[in-house]
Amino acid sequence: MSTVATNTIPASTRVRWRISTLLLVLTLINYADRGVLGAVGPILIKTFGLSVAQFGIIASGFGWGYTSLTFIAGGIVTVLGPRRTYSWFVSLWSLAIAAVAAAGGFTSLLLLRIFFGASEGIVFPCGAQIIGKWLPRSERARATSLMTAGIPLGSLLVVPLTVWLTHAYGWRVPFVALGAVGIIWLLVALPIITDSPRSNPRVSPSELKTIGEGSAESHSFASVPWGRILRSRTLWLAGLAFFSSAYCLYFMLNFFPTYLVRQRHVEFTALALLGTIPWVAMTIGALLSGVISDSIYRRCGDLRRARSYLAGSCLVVTGILIATTIGLTNTHAIVAILSVACFVNFVANPIFFVIPIDAIPEFAGPAGALTTGLGSAAGTVAPLVTGFLVQATGTFVSAFAVVAALPIIFGLLLIIACRPDRL
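Sequential numbering of the sequence shown, starting at 38, is according to this note's numbering.
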């Protein structure tokens, strides 16, 4: 199994959870990288004389690169394997985010944002491939929710840290710092992560048995059933539902600080508190998601109830809660209701990563690339639509209406038609 003598391996190991924790940390870094632009958005708009629409275009540049790469990321991961994929692409996006510190205006910000987005496009297809190989079905939702808890946690941490660093040293310093953090993750993770449990010298025979036959084996690029994946109703419905969930996320990530400053007249320094509350709620929701979903599955053995019904119901509730804020004028009430909506949305969100793993675990990377690609399109659409709606109307009312409508529509479709137990 390895070059390390068997008697040097503990009788019982939990390497799969160490790797799952590394995925959590990487997702945290990933979303801190994405969120730093939104956190300094009010300052960038003022520094470079940008309109809200121009800032929306810059923010959407991430989605252009990210979505384009994500659709082919499954093939990249299949050819290179997760470990090599991480080593190349984490290096690229760390350099890209650090380079934003040298930007001089609209064009350079947009081009760097596109390149940064493209280099991050492998993160979830790669994570899905690892979870499909390293975790048995009964643990996949928990591992996936742990990984995706980094989405709100990274967004949570980046706001106060960016506000502090920007206030103390200027807006360019947070970008450089985040680039360095990505390289540090690589140095820690690469000695631990391998493409499969059997190739990892730290995994004990008992852990291999726990992982069991449900773990996916390696396959060649040619063996991937691309036709079945692309025709899968399950994956398309999960991807569209993910799009509606991610639309809410990218609205919060890119425009919530600007909304608070421009429309609610909150001081920039106050964002360190008000701007982080929804992300605390999202983090709690993401951590509970896998526990709730796996608990339902263990009780009834029905993936449709544990995945589709749970996630779809949460999306509908998310949309209804967001809609109730449109007529409110009290800033604290708006933040409170949005925080509850964010919590419910992130009980749903991790499930969109686990559905492709359940549907076809042996090709979780390519299947996850389709659902993640559809979902990540929100990274382009949400900033563009929000920016132009706000620019055209002068308020965020119509932007909030779109954010509310999408999860209701796609949540209902998920409940009615998605079958995660089959491709």
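Cβ atoms here follow ideal geometry from the backbone N, Cα and C, with glycine treated the same way. Only a predicted model underlies this, so the values are computations on that prediction, with no experimental measurement involved.
- Distances from the CA of Leu224 to each of Arg53, Ser131, Ser269 were compared; the closest alpha carbon is that of Ser131.
- Between Leu297 and Asp70, the gap from beta carbon to beta carbon reaches 8 Å or more.
- Put simply, the backbone Cα of Trp125 is about 12 Å away from that of Gly158.
- Gly356 sits close to Pro444, with the two beta carbons spaced by under 8 Å.
- For Ile329, the closest of Gly249, Leu421, Leu183 by C-alpha to C-alpha distance is Leu183.
- Residue environment for Ser332: exposed (fewer than 16 other C-beta atoms within 10 angstroms of its C-beta).
- Per DSSP, reduced to three states, the secondary structure at Cys285 is helical.
- By the CB criterion at 8 Å, Tyr68 and Gly187 fall inside the cutoff.
- The three-state reading of DSSP puts His302 in coil, since its state is none of H, G, I, E or B.
- Excluding five sequence positions before and after Arg150, the CB atoms of its chain that fall closer than 6 Å to its own CB belong to Ile95, Gly98, Phe99, given in chain order.
- A check of alpha carbon separations from Gln300 across Gly431, Gly264, Ile167 identifies Gly431 as the nearest.
- Relative to Leu106, the option among Leu449, Leu407, Ala429 whose CA is nearest is Leu407.
- With distances taken between CA atoms, Leu311 lies nearest to His369 out of His369, Met319, Thr104.
- Per DSSP, reduced to three states, the secondary structure at Cys351 is helical.
- Looking only at Tyr334, Val196, Ile388, Arg268, the smallest Cα-Cα distance to Ser175 is reached by Tyr334.
- In this structure, the straight-line span from the alpha carbon of Leu358 to that of Leu81 is close to 31 Å.
- Here Phe425 is near Gly93, since their CB atoms are less than 8 Å apart.
- Fewer than three pairs of CB atoms, one per stretch, sit closer than 8 Å, so the stretch 134-152 makes no contact with the stretch 271-278.
- Less than 8 Å separates the beta-carbon of Arg270 from that of Ala454.
- The C-beta of Thr144 has fewer than 16 other C-beta atoms within 10 Å across all chains shown, which makes the residue exposed.
- The shortest CA-to-CA distance from Val213 to any of Ile66, Leu286, Phe389, Leu245 is the one to Ile66.
- Asn67: member of the alpha helix (DSSP H) spanning 52-76, first to last residue.
- Between the stretch 229-245 and the stretch 312-321, the count of C-beta pairs closer than 8 Å stays below three; the two stretches do not touch.
- Taking Gly249 as the centre and dropping the five residues before and after it, the same chain places the C-beta of Pro173 closer than 8 Å to its C-beta, in chain order.
- Gly412 and Tyr284 have their alpha carbons spaced roughly 8 Å apart.
- Taken atom to atom, the span from the alpha-carbon of Ala348 to that of Ala180 is near 17 Å.
- In the structure shown, the three-state DSSP call for Gly118 is coil.
- By the neighbour-count criterion, in which a residue is buried when 16 or more other Cβ atoms sit within 10 angstroms of its Cβ, Arg239 is buried.
- Under the three-state reduction of DSSP output, Ala186 falls in the coil class, being neither helix nor strand.
- Between the C-alpha atoms of Ser192 and Leu61 there is a straight-line separation of about 13 Å.
- In the three-state DSSP reduction, Pro238 falls in the coil class, being neither helix nor strand.
- For Tyr287, the CB contacts under 7 Å within the same chain, skipping 5 residues up- and downstream, are Ala415, Gly416, Ala419, Pro420 in chain order.
- In this structure, the beta-carbon distance from Ala76 to Val196 falls below 8 Å.
- For Leu224, the enclosing alpha helix (DSSP H) stretches over residues 210-226.
- Selection Ile167, Ala217, Leu198, Leu146 evaluated against Val127 yields Ala217 as nearest (Cα-Cα).
- In the structure shown, Arg179 adopts helical secondary structure according to DSSP, grouped into three states.
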